[in-house]
Amino acid sequence: MAGRPTRDTPSRVDPRTGRPLPEGIRWRADRQRYQIRVVGPSVDGGAAERSRTFLTLAEAKRELAKMVAGRNPNGSMTLDQWYDKYWPAIESSIRPATARSYGVAWRLRVKPSLGRHRLDEITSPMIESAMVAWSGGASAKNDALAVLSRLLDGARRSRFIDYNPAREVKRPSMRESISPVSRALTLEQIGTLLGLIPDGVYRRYFAALVYTGMRAGEATALRVGDVDFGRGVIRVSRSLSPGMRGELIEQSPKSHKSRDVPLIDALRPYAEAAARGKRGSDLLFDGPDGGRLTNHNARRAVNWEQLREAIGRPDLRIHDLRHTFATILFDAGASAPDVQATLGHSSLQVTERYSRAREGVALRAGAALNDALKSAAGEPTNRTRRRAPADLNGTLMAQPHRRPRGMTR
Numbered sequence: 002m003a004g005r006p007t008r009d010t011p012s013r014v015d016p017r018t019g020r021p022l023p024e025g026i027r028w029r030a031d032r033q034r035y036q037i038r039v040v041g042p043s044v045d046g047g048a049a050e051r052s053r054t055f056l057t058l059a060e061a062k063r064e065l066a067k068m069v070a071g072r073n074p075n076g077s078m079t080l081d082q083w084y085d086k087y088w089p090a091i092e093s094s095i096r097p098a099t100a101r102s103y104g105v106a107w108r109l110r111v112k113p114s115l116g117r118h119r120l121d122e123i124t125s126p127m128i129e130s131a132m133v134a135w136s137g138g139a140s141a142k143n144d145a146l147a148v149l150s151r152l153l154d155g156a157r158r159s160r161f162i163d164y165n166p167a168r169e170v171k172r173p174s175m176r177e178s179i180s181p182v183s184r185a186l187t188l189e190q191i192g193t194l195l196g197l198i199p200d201g202v203y204r205r206y207f208a209a210l211v212y213t214g215m216r217a218g219e220a221t222a223l224r225v226g227d228v229d230f231g232r233g234v235i236r237v238s239r240s241l242s243p244g245m246r247g248e249l250i251e252q253s254p255k256s257h258k259s260r261d262v263p264l265i266d267a268l269r270p271y272a273e274a275a276a277r278g279k280r281g282s283d284l285l286f287d288g289p290d291g292g293r294l295t296n297h298n299a300r301r302a303v304n305w306e307q308l309r310e311a312i313g314r315p316d317l318r319i320h321d322l323r324h325t326f327a328t329i330l331f332d333a334g335a336s337a338p339d340v341q342a343t344l345g346h347s348s349l350q351v352t353e354r355y356s357r358a359r360e361g362v363a364l365r366a367g368a369a370l371n372d373a374l375k376s377a378a379g380e381p382t383n384r385t386r387r388r389a390p391a392d393l394n395g396t397l398m399a400q401p402h403r404r405p406r407g408m409t410r
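Below, the structure written as structure tokens:
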């Protein structure tokens, strides 16, 4: 008889036992499986009906119990399907450069390893196993975990899953295997580096990076009006970064806060030359034709590979110039909070990586113990006088800009 199946219809009777099936479960003779149907909220709002089949009645009962207890049937959609639906919401809430990084992380790492899995079957151990096969270093893997976590957070808030397993996964350490202090240039290398770059727009740009600790995008976005030559201060309030299609987008600095950096004596001649004849709204460091400078076109213009070899640092990165400034600030006697504020770091813990304070711990501790033992024995102690903090301008101006022999312009 046509119509809604009743308790006595073949689909409501377990063919293996001959007994009526529980409410919500029926037998699919065409598939030789048990089927459950559950109604829950849909991706687009409203209600949606989902059905699933199982080989055994016990499996069907367990899953039905989860659904009845509040487990959402949309949890059966794959991560790939959810990404197609939810990615626009993520993209609209983050910076274009971040969206581009997340897009790469999804395509190269998350989708190949987890995209085919259902939302409700993804677990923390599964994510950790996938991470082992992900290419790239800590930064690349953290991007992949970040986009995965945002996807699963959205699914949790939509009540498609009960919790976000990505939050239980330990993030790879972002601390470099090599200390940022060891990546910093010496004063002699700074002088050599700038001396190798022909006088003009590119030397001014690199001088600004090494003498202010600004990020490359911050130096690129700097305007003439941001420099207070009277007070000797530069206001960093904007940054340029590439968008999804590689276009440059002006936005706030990485920390979302403006900050002041010193206009030291070593940088002043470069800044004054860069500002000469310009209006306050003009770019301070622009290209030879007045266009925007970026670290990419600047590297090509100065022959970065040859320059690195000439100073004996074939691994040197543009970002290491920021490491250099931070390290020199500490060496000059600046306090950790002052270095943090100048560099725009989000936490003091990040800033203190540049301090050499811990490098002499063993020597200082040994000297103190020796003095204590000698004093107890009535022997004269070797008291050492602490070095006074150095003047930052004097420190950075100490080395002239020399051009090594054999290096062509």
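Numbering (our numbering), first residue to last: 2 to 410.
Glycine residues also receive a C-beta, built at the ideal position from the N, C-alpha and C atoms.
Can you give the beta carbon distance from residue i to residue j, rounded, assuming they're within the 8 angstroms contact cut?
i      : j      : result
Gln36  : Thr54  : 5 angstroms
Arg17  : Arg27  : 14 angstroms between Cβ atoms; not a contact.
Tyr103 : Asp144 : 6 angstroms
Tyr206 : Phe286 : 5 angstroms
Gly214 : Leu317 : Not a contact, Cβ separation roughly 16 angstroms.
Thr124 : Ile312 : Not quite, the Cβ-Cβ distance comes to about 49 angstroms (not below 8 angstroms), so this is no contact.
Arg168 : Ser150 : 6 angstroms
Ala342 : Arg260 : 6 angstroms
Gly25  : Leu58  : About 12 angstroms; that fails the 8 angstroms criterion.
Gly138 : Ala90  : With 8 angstroms as the limit, Gly138 and Ala90 do not qualify as a contact, their Cβ atoms being about 28 angstroms apart.
With DSSP collapsed to three states, give me the class of residue i.
i      : result
Asn165 : coil
Val225 : helix
Gln36  : strand
Phe55  : strand
Arg29  : strand
Asp372 : helix
Ser183 : helix
Asp290 : coil
Leu1   : Not covered by the structure: residue 1. The range shown for the chain is 2 to 410.
Arg20  : coil
Arg172 : coil
Leu65  : helix
Ile250 : strand
Ile235 : strand
Asp81  : helix
Asp121 : helix
Thr385 : Residue placement at Thr385 is flagged as unreliable, the pLDDT there being 49, under the threshold of 50; a coordinate-derived value is accordingly withheld.
Leu284 : strand
Arg359 : The predicted model places Arg359 with a pLDDT of 49, which falls under 50 and marks its position as unreliable; any figure quoted below should be read in that light. Arg359: helix per DSSP, three-state reduction.
Val262 : strand
Leu268 : coil
Ser240 : strand
Val202 : helix
Val14  : strand
Gly334 : coil
Phe230 : coil
His324 : helix
Glu177 : Per-residue confidence for Glu177 stands at a pLDDT of 48, beneath the threshold of 50, marking its modelled position as unreliable; the derived number appears in the next sentence. Note: Glu177 maps to coil in three-state DSSP.
Thr295 : coil
Quick check on this structure: which residue in the options has the alpha carbon closest to the alpha carbon of residue i?
i      : options                        : result
Ser183 : Leu197, Arg314, Thr221         : Arg314
Tyr84  : Val148, Ala220, Arg280, Asp200 : Val148
Tyr87  : Val237, Lys62, Ala131, Arg157  : Arg157
Ser238 : Leu249, Arg232, Ala220, Gly231 : Ala220
Arg32  : Pro21, Asp15, Arg51, Leu56     : Leu56
Leu294 : Leu65, Lys171, Leu210          : Leu210
His324 : Ala299, Leu188, Ala373         : Leu188
Arg160 : Pro97, Leu197, Met78           : Met78
Leu308 : Leu197, Gly334, Gly137         : Leu197
Val303 : Gly201, Asp372, Ser376         : Gly201
Asp321 : His257, Pro381, Tyr212, Ala369 : Tyr212
Lys62  : Ala90, Asp15, Arg101, Ala30    : Asp15
Leu120 : Leu152, Ala335, Lys375, Ser136 : Leu152
Trp107 : Ala369, Ile95, Lys142, Leu22   : Lys142
Lys255 : Glu306, Glu60, Ile95           : Ile95
Lys112 : Trp135, Ile91, Ala90           : Trp135
Arg300 : Pro199, Ala369, Asp283         : Pro199
His257 : Asp339, Arg20, Asp372, His346  : His346
Is the beta carbon of residue j closer than 7 angstroms to that of residue i?
i      : j      : result
His118 : Leu146 : no
Gly226 : Gly278 : no
Ala131 : Leu115 : yes
Ser253 : Gly218 : no
Asn298 : Ile319 : no
Leu264 : Gly231 : no
Ser52  : Arg29  : no
Glu122 : Val170 : no
Ile250 : Pro126 : no
Ala272 : Val228 : yes
Any heavy atom of the ligand MN inside 6 angstroms of the beta-carbon of residue i?
i      : result
Lys171 : Ligands displayed in this structure: none; no statement on the ligand MN is therefore possible.
Worksheet entry | Sufficient close CB pairs (3 or more, under 8 angstroms) joining the stretch 195-209 to the stretch 261-276 | A contact is defined here as three or more CB-CB pairs under 8 angstroms, and the stretch 195-209 meets this definition with respect to the stretch 261-276.
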